[in-house]
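J.: Here it is, the structure in full.
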Amino acid sequence: MAGHRPVRARHKETSRVEGKKILVTGGTGQVARPVAEALAGRNEVWCLGRFGTPGVEKELNGHGITTFHWDMNDPREAAYEGLPDDFTHVFHSAVRRGEDGDVNAAIEVNSVATGRLMSHCRAAEAFLFVSTGALYKRQTLDHAYTEDDPVDGVADWLPAYPVGKIAAEGAVRAFAQVLDLPTTIARLNIAYGPGGYGGVPMLYFERMLAGEPIPVPREGQNWCSLLHTDDLIAHVPPLWRAASTPATLVNWGGDEAVGMTDCVRHLEELTGVTARLVPSEVTRETYRFDPARRREITGPCRVPWREGVRRTLQALHPEHLPS
1 MAGHRPVRAR HKETSRVEGK KILVTGGTGQ VARPVAEALA GRNEVWCLGR FGTPGVEKEL
61 NGHGITTFHW DMNDPREAAY EGLPDDFTHV FHSAVRRGED GDVNAAIEVN SVATGRLMSH
121 CRAAEAFLFV STGALYKRQT LDHAYTEDDP VDGVADWLPA YPVGKIAAEG AVRAFAQVLD
181 LPTTIARLNI AYGPGGYGGV PMLYFERMLA GEPIPVPREG QNWCSLLHTD DLIAHVPPLW
241 RAASTPATLV NWGGDEAVGM TDCVRHLEEL TGVTARLVPS EVTRETYRFD PARRREITGP
301 CRVPWREGVR RTLQALHPEH LPS
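Using full-length UniProt numbering, the first residue of the sequence shown is number 1, and each one after it goes up by one.
Right, dumping it as structure tokens:
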């Protein structure tokens, strides 16, 4: 497939990025913030965003991160005035998810903002765009999706989101080649861990605590490839090293296939809190990845999902774990 370059696993050196000037978008989120904070110790890191959450900008500054106020909804080139253009690496995670249902706005904002950002950072050594597995055409619940599987951008739980990501991927592919900017498109699975709100497993646990129903398929269960924050952070440098033109395309998830119903049952076992699983036609669909191509680039993951969920609970809800 175009964009795939066989790469030897470099997992022994995944944490070694030093002396670089790195730009991160979406730096207050579940995915990008731990990446930015982990890289800030040995690199000059800048985070772009609106920083609407009280105190978050000060917290990032406390990690030695430079913040720059930026709204991806602003299509003007002037939105980048005052921003340096000599970044060596870019991690682009910011997204207009489209909770308002406006598909056209999701397409325009995500693609234009991405094109502007790539143009501004055209001299970078590598550009990493965080996409999503939600754009794949739905097959069986336990299908292991590869990068060559068809896409359709249908997600009943958030219709505009995958369409916006498909549009942004098109912009990324085009600008990578037009600007000769080495790029990786990483289609993210479910990232989780002790930072932020904890990811989808903790969203389910919050529903469990509130006694709220959790929609599940009428038959079988949704499967996914959970990716713990520790592994996500370790994967970023090799994903940058795999950047190419045409853009390298890779599914970004964990090594293990995880049933989401099994995950909820594990939460029950760990905490004693009961889950209300309700069969439904519409659920938060998840996708299991074939990890082969990603393992070529990053090597294996190191955090087993059951241990990762326990550690996340320990960090965010320790009162619900036995002492």
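We put the beta carbon where it would ideally sit given N, CA and C, even for glycine.
#1: Give me the residue from Ile22, Asp74, Asp71, Ala79 with the minimum Cα distance to isoleucine 65.
#2: Near threonine 184, what residues of its chain come up, given a Cβ to Cβ distance below 6 Å and the 5 sequence neighbours on each side ignored?
#3: Hey, how far is the Cα of glutamine 314 from the Cα of cysteine 224?
#4: Could you give the distance in angstroms between the alpha-carbon of valine 17 and the alpha-carbon of arginine 42?
#5: How would you call glutamine 177, buried or exposed, if buried means at least 16 neighbouring beta carbons within 10 angstroms?
#6: To the nearest angstrom, how far is the alpha carbon of phenylalanine 68 from that of glycine 133?
#7: Alpha carbon to alpha carbon, how far is proline 217 from threonine 312? Give it in angstroms, no decimals.
#8: List the whole-angstrom C-beta distance separating isoleucine 233 from proline 34, where the pair is believed to meet the contact cut-off of C-beta under 8 Å.
#9: Consult DSSP for alanine 242 and reduce its assignment to one of helix, strand or coil.
#10: Could you say which of Asp231, Thr274, Gly164 lies nearest to isoleucine 297 if we only look at CA atoms?
#11: Return the first residue and the last residue of the beta strand (DSSP E) that threonine 67 is part of.
#12: If I measure Cβ to Cβ from valine 56 and keep anything under 6 Å in the same chain, skipping five residues before and after, which residues do I get?
#13: With burial defined as no fewer than 16 other Cβ atoms inside 10 Å of the residue's Cβ, what is the status of arginine 276: buried or exposed?
#14: Just list the residues that DSSP pairs valine 200 with in beta bridges.
#15: Thinking C-beta only, is valine 31 closer than 8 Å to alanine 191?
#16: Helix, strand or coil for proline 237, going by three-state DSSP, please let me know.
#17: For the alpha helix (DSSP H) that contains arginine 294, what are its first and last residues?
#18: Within 10 angstroms of its Cβ, does valine 200 collect 16 or more other Cβ (buried), or is it exposed?
#19: Pairing CB atoms from the segment 278-292 with CB atoms from the segment 165-179, are three or more of them under 8 Å?
T.: Straight from the coordinates:
#1: Stepping through the sequence shown from its first residue, residue 65 is reached at position 65. Nearest C-alpha to isoleucine 65: Ile22.
#2: For the purposes of this step, residue 184 is identified with residue 184 of the sequence shown, where counting begins at 1. Excluding sequence neighbours, threonine 184 sits near Leu128, Leu239, Ala242, Ala243, Thr248.
#3: Stepping through the sequence shown from its first residue, residue 314 is reached at position 314. Stepping through the sequence shown from its first residue, residue 224 is reached at position 224. Looking at the two C-alpha atoms, the distance is approximately 22 Å.
#4: Position 17 of the sequence shown, counted from the start, is the residue given in the question as residue 17. Position 42 of the sequence shown, counted from the start, is the residue given in the question as residue 42. C-alpha separation (whole angstroms): 7 Å.
#5: In the sequence shown, the residue the question calls residue 177 occupies position 177. Exposed, because fewer than 16 other Cβ atoms sit within 10 Å of the Cβ of glutamine 177.
#6: Within the sequence shown, the letter at position 68 stands for residue 68. Within the sequence shown, the letter at position 133 stands for residue 133. Straight-line Cα distance between these residues: approximately 29 Å.
#7: Stepping through the sequence shown from its first residue, residue 312 is reached at position 312. Stepping through the sequence shown from its first residue, residue 217 is reached at position 217. For threonine 312 and proline 217, the gap between their C-alpha atoms comes out near 25 Å.
#8: Numbered from 1 along the sequence shown, position 233 holds the residue referred to as residue 233. Numbered from 1 along the sequence shown, position 34 holds the residue referred to as residue 34. So it is a contact: roughly 6 Å between Cβ atoms.
#9: Mapped onto the sequence shown, residue 242 falls at position 242. For alanine 242, the three-state secondary structure derived from DSSP is coil.
#10: Your numbering for residue 297 matches position 297 in the sequence shown. For the residues Asp231, Thr274, Gly164, the minimum Cα distance to isoleucine 297 belongs to Asp231.
#11: Translated into the one-based positions of the sequence shown, residue 67 becomes position 67. Counting along the chain, the beta strand (DSSP E) containing threonine 67 begins and ends at 66-69.
#12: By one-based count along the sequence shown, residue 56 stands at place 56. Thr28, listed in sequence order.
#13: Start at 1 with the first residue of the sequence shown, and residue 276 comes out as number 276. When all chains shown are included, arginine 276 counts as exposed.
#14: Taking the first residue of the sequence shown as position 1, residue 200 is located at position 200. Answer by DSSP bridge pairing: none, since valine 200 is not bridged.
#15: Reading the sequence shown from its first residue, position 191 is the one you call residue 191. Reading the sequence shown from its first residue, position 31 is the one you call residue 31. Contact flag set, yes.
#16: Taking the sequence shown and counting its residues from 1, the one referred to as residue 237 is at position 237. Note: proline 237 maps to helix in three-state DSSP.
#17: Within the sequence shown, numbered from 1, the residue matching residue 294 stands at position 294. Residue range 292-298 is occupied by the alpha helix (DSSP H) that includes arginine 294.
#18: As a position in the sequence shown, residue 200 is number 200, starting the count at 1. Counting every other CB atom within 10 Å of its CB across the protein chains shown gives valine 200 a total of 16 or more, marking it as buried.
#19: The answer is no - the segment 165-179 does not touch the segment 278-292, with fewer than three Cβ pairs under 8 Å.
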